[in-house]
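Q: Structure in structure tokens, see below.
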Amino acid sequence: MNVQKRHEFDTAAAEAFAGRVADMLDAGAAAAMMSLGHRLGLFETLASLTDPAGSHEIAAAAGLSERYVREWLAVMVMAGVVDYRPETRDYRLPLEHAACLAGDAPFGNLAVYAQHVALFGKVEDRTIANFRTGGGTRYDDYPCFHQIMAEDSGQTVTAGLFDHVLPIAPELHERLTAGIDVLDAGCGRGAALLAMARRYPASRFVGYDLCADAIDFAAQRARTEELTNVRFETRDLTGYAEPGRWDLVASFDAVHDQKDPLGLVAGIHASLRPGGVYLMQDIGASADLEKNRDFPFATLLYAVSTVHCTPVSIGQGGEGLGTMWGWETAERFLRQAGFAEVERHVLPHDPMNVWFVARRGTAI
Ligand SMILES: C[S@@+](CC[C@H](N)C(=O)[O-])C[C@H]1O[C@@H](n2cnc3c(N)ncnc32)[C@H](O)[C@@H]1O
């Protein structure tokens, strides 16, 4: 270090930053352990106990090994998630904490998103290889991806579908009630489509997705519920077009990690009947890095992009637009695809995403 640089070195700033890094390490560890607690149902167990309880009681209620539960509880106490009384050695999840970590939490179950953090570690070696080779990944490189994604979109899409999402295109309720043809492009495990099929028996619903395991899951649910107006098909949407086939196409967070996102949006436009509607949910961040500092979960989303969305697109031979491709890019693609009308909405129940209603003109 030269003399000039040594004089410029701000020791207080370095110490403050080291403190922040230490906080990040603790927060990262807490997030990974929240994922574990979520998957093991521990937050629900804690929320179900009316009084503070010891580790043996909590472990028994959860059907888990006490030794591991006690260690996990220690993490949660250090992270300020769970309260601990040393005199009685008992634990309590405050109601206000359960409200964002347990079950159908009224503020959205944030422990669901902690699972993305845990997934980063599972694919770290693969990600390191991607950095070295420029290569990509496949969906089946990610254990439990579709399960996590279904829980994630269960909150942002399915939970608000009828009260918040469909009303942004006011004509849809009447048309769906009368009976129309609907496609969910990149439907994953299909929960949103299944919900619509239940609600609108006169309409016909189809879900396409690249991943056979997700499609099998969705199809099994449809069979179990004896829904006859919905079908699911494993299908690569690269180069997609079924001209004039649909009245409504929806895609829920399923465009940016495709091989050819613009091609898909253009194919969807071509596949709509005149007057048809494309309902598109995607990440609501900006394409400009500097505008995303205050965007909810921006750090987490760029990390998801590094580890998942970018490499799955590259793995299909795409350019890897990434999770944070930006609402500006999405809107430009919709206009380039030929949509006559494009509206952009941000819905209060889903601050992380943007919702577009794009209408195909009435003349062919
Ligand atoms: C982020 S997930 C969203 C899944 C679902 N829409 C939801 O909200 O839960 C993106 C989906 O796009 C699908 N996908 C990615 N590339 C695809 C392609 N080329 N063809 C069809 N589906 C694709 C993935 O398999 C995945 O299910």
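Counting the sequence shown from 1 gives a position; my numbering is that position plus 28. Note that CB positions come from ideal geometry on N, CA and C, so glycine has one too.
#1: Please determine whether the Cβ atom of Ser299 lies at a distance below 7 Å from any heavy atom of ligand 2.
#2: Consult DSSP for Pro198 and reduce its assignment to one of helix, strand or coil.
#3: Does the beta-carbon of Gly235 have 16 or more other beta-carbons within 10 angstroms, so that it is buried, or is it exposed?
#4: Determine the burial state of Phe190: buried for a count of at least 16 other Cβ atoms within 10 Å of its Cβ, exposed for fewer.
#5: Using DSSP's beta-bridge definition, name the partner residues of Ala386.
#6: From the DSSP output, read off the bridge partner residues of Trp274.
#7: Using alpha carbons as the reference points, say which of Met62, Thr357 and His336 lies closest to Asn158.
#8: Give a single yes or no on whether Phe233 has its beta carbon closer than 7 Å to a heavy atom of ligand 1.
#9: At a threshold of 7 Å, does Arg217 count as lining ligand 1 (C-beta to nearest heavy atom)?
#10: Going by the DSSP bridge assignment, what does Arg232 pair with across the sheet?
#11: For Ile392, which residues of its own chain have a beta-carbon under 7 Å away from its beta-carbon, when the five flanking residues on both sides are left out?
#12: Following the continuous alpha helix (DSSP H) through Val140, name the residue where it begins and the one where it ends.
#13: When you compare only the Cα positions, how much space is there between Asp393 and Gly354?
#14: I'd like the span of the alpha helix (DSSP H) that includes Val49, first residue to last.
#15: Going by other Cβ atoms of all chains shown within 10 Å of its Cβ, with 16 needed for buried, is Ala55 buried or exposed?
#16: Leaving out five residues before and five after Asp111 in sequence, what residues of the same chain have Cβ atoms less than 8 Å from its Cβ?
#17: Once the 5 residues before and after Ser181 are set aside, which same chain residues still bring their CB inside 8 Å of it?
#18: Can you check which of these residues, Ser76, Asp264, Gly149 and Gln183, is closest to Ala331 by C-alpha distance?
#19: I need the DSSP call for Glu85, collapsed to helix, strand or coil.
#20: May I ask which residues mark the beginning and end of the alpha helix (DSSP H) holding Thr184?
#21: Is there at least one non-hydrogen atom of ligand 1 closer than 7 Å to the beta-carbon of Gly214?
#22: Tell me the rounded alpha-carbon separation between Leu362 and Val370.
#23: Taking only heavy atoms of ligand 1 into account, decide whether any of them is closer than 7 Å to the Cβ of Gln175.
#24: Using only the heavy atoms of ligand 1, determine whether one of them is closer than 7 Å to the beta carbon of Val15.
#25: Can you list, in chain order, the residues of its chain with a C-beta nearer than 6 Å to that of Leu290? Leave out the 5 residues immediately preceding and following it.
#26: In or out: Leu222 buried (at least 16 other Cβ within 10 Å) or exposed?
#27: For the alpha helix (DSSP H) holding Asp244, just list the boundary residues, first then last.
#28: Between Gly383 and the rest of its own chain, which residues show a CB-CB distance below 8 Å, the 5 nearest in sequence each way excluded?
#29: To the nearest angstrom, how far is the alpha carbon of Ala386 from that of Tyr268?
#30: So, using beta-carbon positions, are Lys287 and Thr256 closer together than 8 Å?
#31: DSSP state of Phe325, grouped into three classes?
#32: What does the alpha-carbon distance come out to for the pair Ala89 and Ile296?
#33: Just checking my contact of Asp275 with Val210 at CB under 8 Å: how many whole Å lie between their CB atoms?
#34: Have a look at the DSSP bridge pairing and note the partners of Asn381.
#35: Measuring only from the beta carbon, is Phe280 closer than 7 Å to any heavy atom that is part of ligand 1?
A: Taking the definition as stated:
#1: This structure simply doesn't include ligand 2; it includes ligand 1 instead.
#2: As a first step, residue 198 is located in the sequence shown; it is residue number 170 there, counting from the start. Here Pro198 sits in coil by DSSP.
#3: Against the sequence shown, residue 235 aligns to sequence position 207. Gly235 is classed as buried because its beta carbon has at least 16 other beta carbons within 10 Å across all chains shown.
#4: The count along the sequence shown starts at 1 and reaches residue 190 at position 162. Label assigned to Phe190: exposed.
#5: Here the question's residue 386 lines up with position 358 in the sequence shown. Per DSSP, Tyr306 and Val370.
#6: On the sequence shown, residue 274 is found 246 positions in, with the first residue counted as 1. In the DSSP assignment, Trp274 is bridged to Leu300.
#7: Here residue 158 is taken as the residue at index 130 of the sequence shown, counted from 1. The residue with the shortest Cα to Cα distance from Asn158 is His336.
#8: The residue labelled residue 233 in the question sits at position 205 within the sequence shown. Because no heavy atom of ligand 1 lies under 7 Å away, the Cβ of Phe233 does not count as near it: no.
#9: Translated into positions along the sequence shown, residue 217 becomes position 189. It does: the Cβ of Arg217 is within 7 Å (strictly closer) of some heavy atom of ligand 1.
#10: Walking along the sequence shown from the start, residue 232 turns up at place 204. Beta-bridge pairing links Arg232 to Asp209.
#11: As a position in the sequence shown, residue 392 is number 364, starting the count at 1. Residue placement at Ile392 cannot be trusted, given a pLDDT of 49 that sits under 50; the coordinates are not used to answer.
#12: Looking up residue 140 in the sequence shown gives position 112. For Val140, the uninterrupted alpha helix (DSSP H) run begins and ends at Ala139 to Lys150, by DSSP.
#13: Beyond the ends of the chain as shown, which are 29 and 392, falls residue 393; an answer cannot be given.
#14: For the purposes of this step, residue 49 is taken as the residue at position 21 of the sequence shown. Boundaries of the alpha helix (DSSP H) harbouring Val49: Thr39 to Arg67, taken from the DSSP string.
#15: Taking the sequence shown and counting its residues from 1, one reaches residue 55 at position 27. Residue environment: Ala55 is assigned as exposed (fewer than 16 neighbouring CB atoms within 10 Å of its CB, all protein chains considered).
#16: Position 83 of the sequence shown holds residue 111. Contacts found: Pro80, Val105, Tyr119, Arg120, Leu121 and Pro122.
#17: Within the sequence shown, the letter at position 153 stands for residue 181. Result list for Ser181: Gly216, Ala219, Ala220, Phe280 and Asp281, in chain order.
#18: Looking up residue 331 in the sequence shown gives position 303. For the residues Ser76, Asp264, Gly149 and Gln183, the minimum Cα distance to Ala331 belongs to Gly149.
#19: Translated into positions along the sequence shown, residue 85 becomes position 57. Three-state DSSP puts Glu85 in a helix.
#20: Indexing the sequence shown from 1 puts residue 184 at position 156. Element bounds for Thr184: Phe173 to Thr184.
#21: On the sequence shown, position 186 is the one that residue 214 refers to. It does: the Cβ of Gly214 is within 7 Å (strictly closer) of some heavy atom of ligand 1.
#22: What you label residue 362 is simply residue 334 of the sequence shown in a count that begins at 1. What you label residue 370 is simply residue 342 of the sequence shown in a count that begins at 1. The straight-line gap from Cα to Cα measures roughly 7 Å.
#23: Residue 175 sits at position 147 when you count from the first residue of the sequence shown. Gln175: no, Cβ never under 7 Å from ligand 1.
#24: Since the first residue shown for the chain is 29 and the last is 392, residue 15 is missing from the structure and cannot be characterised.
#25: Working through the sequence shown from its first residue, we reach residue 290 at position 262. Cβ within range, chain order: Phe361.
#26: The residue given as residue 222 occupies position 194 in the sequence shown. Looking at its Cβ environment, which holds 16 or more other Cβ atoms inside 10 Å, Leu222 is buried.
#27: Residue mapping note: residue 244 aligns to position 216 of the sequence shown, counting from 1. Counting along the chain, the alpha helix (DSSP H) containing Asp244 begins and ends at Ala240 to Thr252.
#28: In the sequence shown, residue 383 corresponds to position 355, counting from 1. Going by the sequence as given, residue 383 is Trp instead of Gly. Contacts found: Val193, Ile196, Leu307, Met308, Gln309, Arg372, His373, Val374 and Leu375.
#29: Taking the sequence shown and counting its residues from 1, one reaches residue 386 at position 358. Taking the sequence shown and counting its residues from 1, one reaches residue 268 at position 240. Rounded to the nearest whole angstrom, the CA to CA distance from Ala386 to Tyr268 is 18 Å.
#30: Numbered from its first residue, the sequence shown carries residue 287 at position 259. Numbered from its first residue, the sequence shown carries residue 256 at position 228. Against a cut-off of 8 Å, the Cβ pair of Thr256 and Lys287 comes out as no contact.
#31: Counted from its first residue, the sequence shown places residue 325 at position 297. Correct three-state label for Phe325: coil.
#32: Along the sequence shown, one-based indexing puts residue 89 at 61. Along the sequence shown, one-based indexing puts residue 296 at 268. C-alpha separation (whole angstroms): 49 Å.
#33: The count along the sequence shown starts at 1 and reaches residue 275 at position 247. The count along the sequence shown starts at 1 and reaches residue 210 at position 182. About 7 Å; that satisfies the 8 Å criterion.
#34: In the sequence shown, counting from the first residue as 1, residue 381 sits at position 353. Under DSSP, Asn381 forms a beta bridge with Ile311.
#35: Taking the sequence shown and counting its residues from 1, the one referred to as residue 280 is at position 252. Yes, since a heavy atom of ligand 1 falls inside the 7 Å radius drawn around the Cβ of Phe280.
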